[in-house]
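For the sequence shown, the tail end lands on 391 under this note's numbering, and the numbers increase by one without skipping.
Okay, so here's the structure we're looking at.
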Amino acid sequence: MTISLTVILIESTNEISYGLPIMITLMVAKWSGDLFNEGLYDIHVKLKNVPLLEWTAPQEMYRLKASDIMESCLSYIYPHTRIHSIVGILKTTAHNAFPVVTVDMNNPTGHPRKINYQDNLDSSKRAICSYNHLFQFNERTEAATAFSEWCRE
């Protein structure tokens, strides 16, 4: 704030020789103002309830480990997971991302977000259901009924 205000004042007066005195004056004014109350921007951040991280973490945070706050039952997906399993995971969990892991579970290959899965599934479903007329069922079987209901969802 001090430097930007100095630059504005120098440009408005068109006197570069006043740069150092203006900078010193503004810094002394800022320091003396900070002694008596918080800065204007800090006050507005608190008024607007903007969530900001503090410069230092609370003391109890230094003793926490990742295992203390992470989910113990992790939902993950293999690269060749069936759509039915993915839909089940998306409906039953509240997570926003799922790691894609290989068989040995030690090598995550990706970490797609839940919204990516839902968007891809929705676009695939629209594409499949748009070709509904190609799937001609001679009789009303359970598969035909399930397919029709799935397309209507």
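Yeah, the Cβ is synthetic: ideal placement off N, Cα and C, and Gly gets one too.
Query: Over what stretch of residues does the alpha helix (DSSP H) that includes V283 continue unbroken?; Result: L278 to L285
Query: For T340, does the count of other Cβ atoms within 10 angstroms reach 16, so buried, or fall short, so exposed?; Result: exposed
Query: Going by DSSP, what residue range makes up the alpha helix (DSSP H) through I299?; Result: A small correction: the amino acid at residue 299 is Met; Ile does not occupy that position in the sequence shown. Per DSSP, M299 belongs to no alpha helix (DSSP H) and is neither H nor E.
Query: Roughly how far, in whole angstroms, is the beta-carbon of G294 from the beta-carbon of M265, given that I think they are within contact range, below 8 angstroms?; Result: Strictly speaking, residue 294 in this sequence is Thr, with Gly absent from that position. That belief does not hold up - the Cβ atoms of T294 and M265 are roughly 24 angstroms apart, past 8 angstroms.
Query: Within 8 angstroms, do at least three Cβ pairs link the region 245-265 to the region 278-293?; Result: no
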